[in-house]
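Notes for the one structure printed next.
Numbering (the numbering used here), first residue to last: 70 to 480.
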């Protein structure tokens with residue numbers, strides 16, 4: 070009798086243990102959301118009725134060249150992301166489902182509903198900015214060219230709406246960078262480049278930045294809540310970048326260009342420092358790409374894709390933490406150095422920037438010393454003008470501000 074009872078108890082314990090192990094295995098499996106990627110690269114659609122639509126479309130480097138050249142540039146970026154996913158396949162905080170093989174770049178119409186998942190989550194690389202800032206200098210009646218390549222790409226994780234098919238940004242890894250072309254200030258390198266040349270430079274630069282800075286393994290905070298609808302995660306977004314400094318307004322102007330760059334750089338660095346979800350920036354009064362769906366509480370943008378046709382991307386208009394950047398001061402003064410002569414001189418430049426993240430206000434400064442020429446007659450290099458100098462200081466101040474708001478030591 071006792072042997073029978075003991076045997077039954079052991080069997081119950083054994084099967085109960087198996088049941089618990091099964092439950093734990095299922096729970097553990099649910100911790101990793103399944104992510105779908107079709108190797109698509111999403112770029113902003115500029116509608117005909119947008120302000121200066123034709124000119125703004127001309128800024129988009131991924132639209133430059135023939136259809137084959139555009140496709141090749143998008144594939145350079147897609148391959149960089151695919152290589153990073155392959156490199157980190159054993160460390161990914163999610164399960165990856167690829168819907169196009171690496172070698173299959175046929176024009177296949179892909180829908181998220183093709184996935185076996187009931188509520189799939191899509192990996193959506195959104196190209197926020199793909200343009201160059203062109204500057205020309207005239208020395209001895211010769212024109213020289215300098216370019217700043219601006220690359221802002223958001224690696225977003227999106228859910229799909231059953232009725233509209235719109236993709237909603239759930240979380241985001243922003244990667245926003247810029248590079249000067251050429252890297253030197255030698256005038257012999259300052260040759261004019263076509264949009265097609267700049268587009269290839271942009272694609273290779275973006276791929277290089279993805280290789281250096283995209284780290285899916287460190288994105289556990291970003292994807293943690295994707296598989297659990299009840300999970301509440303804090304969200305952030307840069308709402309505005311302003312110039313309360315009259316000097317900054319005079320030098321940089323009130324166009325949106327430098328404001329977008331500074332806001333994008335802050336977005337990327339703050340997200341990298343904190344691991345927080347920072348949505349793509351929308352400047353106050355700037356509805357050039359995003360429109361407001363007031364009834365649903367979303368910002369909505371139309372996107373062109375590599376394979377899937379046009380898609381609607383949306384994100385909540387409300388965030389938990391609003392971010393405001395303000396250039397509060399800018400100035401310069403001539404200084405004496407041992408390198409000063411009758412031909413040249415030096416100026417010290419400084420820019421002040423305040424950042425406000427949900428009421429936490431921090432001001433940083435950014436300084437640089439630059440040479441200027443008293444005459445251009447014997448110049449053998451490009452000397453930056455004030456707009457370029459203060460623009461660089463503004464970008465650097467955004468980097469410092471992001472570090473300061475994240476509690477990191479500012480150099």
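Using N, Cα and C, we set each Cβ at its ideal position, and we do this for glycine too.
On a predicted model such as this, the values are computed, not experimentally measured, just so you know.
Query raised in the report: Going by Cα to Cα distance, which pick from 384, 106 and 214 is closest to residue 255?
Result: The residue labelled residue 255 in the question sits at position 186 within the chain shown. Closest by alpha carbon: 214.
Query raised in the report: Residue range of the alpha helix (DSSP H) that residue 41 falls in?
Result: Since the first and last residues shown for the chain are 70 and 480, residue 41 lies out of range.
Requested in this report: Determine the direct distance from the alpha carbon of residue 268 to that of residue 459, and round the result to whole angstroms.
Outcome: Translated into positions along the chain shown, residue 459 becomes position 390. Translated into positions along the chain shown, residue 268 becomes position 199. Near 26 Å, if we compare the C-alpha coordinates of residue 268 and residue 459.
Requested in this report: Evaluate contact between the segment 148 to 161 and the segment 312 to 322, counting only Cβ atoms and requiring at least three cross-stretch pairs below 8 Å.
Outcome: Flag = no, the segment 148 to 161 and the segment 312 to 322 do not touch.
Requested in this report: Taking residue 224 as the reference, give the member of 348, 211, 401 and 364 with the closest Cα.
Outcome: Residue mapping note: residue 224 aligns to position 155 of the chain shown, counting from 1. Of the candidates 348, 211, 401 and 364, the one whose C-alpha sits nearest the C-alpha of residue 224 is 348.
Query - residue 231 in three-state terms, based on DSSP - result: By one-based count along the chain shown, residue 231 stands at place 162. In the three-state reduction of the DSSP assignment, residue 231 falls in the coil class.
Query raised in the report: What are the boundary residues of the beta strand (DSSP E) that includes residue 246?
Result: Here residue 246 refers to the residue found at position 177 of the chain shown. Residues 236 to 250.
Query raised in the report: Among 398, 285 and 129, which residue has its Cα nearest to the Cα of residue 218?
Result: Position 149 of the chain shown, counting from 1, holds the residue named residue 218. For residue 218, the closest C-alpha among the options 398, 285 and 129 is that of 129.
Report task. With residue 291 as the anchor, note down where its beta strand (DSSP E) starts and where it stops. Result -> For the purposes of this step, residue 291 is taken as residue 222 along the chain shown, with counting starting at 1. Not the beta strand (DSSP E): residue 291 falls in the alpha helix (DSSP H), residues 289 to 292.
Query raised in the report: With 16 other CB atoms within 10 Å as the buried threshold, where does residue 94 fall?
Result: Counting from 1 along the chain shown, the entry for residue 94 is found at position 25. Legend: pLDDT at residue 94 = 42, less than 50; position of this residue unreliable, no value from coordinates given.
Query raised in the report: Can you tell which of 461, 289 and 277 has the C-alpha that lies nearest to the C-alpha of residue 421?
Result: Taking the chain shown and counting its residues from 1, one reaches residue 421 at position 352. Selected option, being the one with the closest Cα: 461.
Query - Status (buried if at least 16 other CB within 10 Å, exposed otherwise) for residue 400 - result: If you number the chain shown from 1, residue 400 lands on position 331. Counting of Cβ neighbours within 10 angstroms places residue 400 among the exposed residues, the total staying below 16.
Query raised in the report: Which class does residue 465 belong to by DSSP, given the choice of helix, strand or coil?
Result: Residue numbering aside, residue 465 sits at position 396 when the chain shown is read from its first letter. It is helical.
Report task. Have a look at residue 407 and residue 414 and give me their C-alpha separation to the nearest angstrom. Result -> Here residue 407 refers to the residue found at position 338 of the chain shown. Here residue 414 refers to the residue found at position 345 of the chain shown. Answer to the nearest angstrom: the Cα atoms are 10 Å apart.
**Report entry** Burial state of residue 220 (16 or more Cβ within 10 Å)
**Finding:** Numbered from its first residue, the chain shown carries residue 220 at position 151. Label assigned to residue 220: buried.
Query raised in the report: Which residues does DSSP pair with residue 271 in a beta bridge?
Result: In the chain shown, the residue the question calls residue 271 occupies position 202. Checking the DSSP bridge columns, you'll see residue 271 has no partner listed.
**Report entry** Coil, strand or helix - residue 103 by DSSP
**Finding:** Numbered from its first residue, the chain shown carries residue 103 at position 34. Under the three-state reduction of DSSP output, residue 103 falls in the strand class.
Query raised in the report: What distance in whole Å lies between the Cβ atoms of residue 308 and residue 393, which are believed to be in contact at a cut-off of 8 Å?
Result: Here residue 393 corresponds to residue number 324 of the chain shown, with the count starting at 1. Here residue 308 corresponds to residue number 239 of the chain shown, with the count starting at 1. About 6 Å separates the two Cβ atoms, so the contact holds.
Query raised in the report: When burial is assigned at 16 or more other CB atoms within 10 Å of the CB, is residue 142 buried or exposed?
Result: Translated into positions along the chain shown, residue 142 becomes position 73. Classification of residue 142: buried, given that the 10 Å Cβ count is 16 or more.
Query - Contacts around residue 285, its chain only, beta-carbon distance under 6 Å, and the 5 residues preceding and following it disregarded - result: Within the chain shown, residue 285 is the residue found at index 216, counting from 1. Excluding five sequence positions before and after residue 285, the CB atoms of its chain that fall closer than 6 Å to its own CB belong to 157 and 161, given in chain order.
Query raised in the report: In the structure shown, what three-state DSSP assignment does residue 397 receive?
Result: In the chain shown, counting from the first residue as 1, residue 397 sits at position 328. Residue 397: strand per DSSP, three-state reduction.
Query raised in the report: Under 8 Å, do residue 475 and residue 343 count as touching if we go by C-beta distance?
Result: By one-based count along the chain shown, residue 475 stands at place 406. By one-based count along the chain shown, residue 343 stands at place 274. The answer is yes: Cβ separation under 8 Å.
Query raised in the report: Based on Cα-Cα distance, which residue from 263, 193 and 271 lies nearest to residue 242?
Result: Residue 242 sits at position 173 when you count from the first residue of the chain shown. It is 193.
**Report entry** For residue 415: DSSP bridge partner residues
**Finding:** Along the chain shown, read from residue 1 onward, the residue named residue 415 stands at position 346. The secondary-structure analysis by DSSP pairs residue 415 across a beta bridge with 404 and 440.
**Report entry** Identity of the residue in 228, 352 and 291 nearest residue 330 by Cα
**Finding:** Here residue 330 is taken as the residue at index 261 of the chain shown, counted from 1. Closest in alpha carbon position to residue 330, among 228, 352 and 291, is 352.
Query raised in the report: How long is the line joining the alpha carbons of residue 482 and residue 345, rounded to whole angstroms?
Result: Outside the displayed span of the chain (70 to 480) sits residue 482, for which this structure offers no information.
Query raised in the report: Taking Cβ positions, are residue 479 and residue 433 nearer each other than 8 Å?
Result: Position 410 of the chain shown, counting from 1, holds the residue named residue 479. Position 364 of the chain shown, counting from 1, holds the residue named residue 433. Result yes, Cβ atoms of residue 479 and residue 433 sit closer than 8 Å.
Query - CA-to-CA distance, residue 244 to residue 282, given in whole angstroms - result: Residue 282 sits at position 213 when you count from the first residue of the chain shown. Residue 244 sits at position 175 when you count from the first residue of the chain shown. Spanning the two alpha carbons is a distance of roughly 8 Å.
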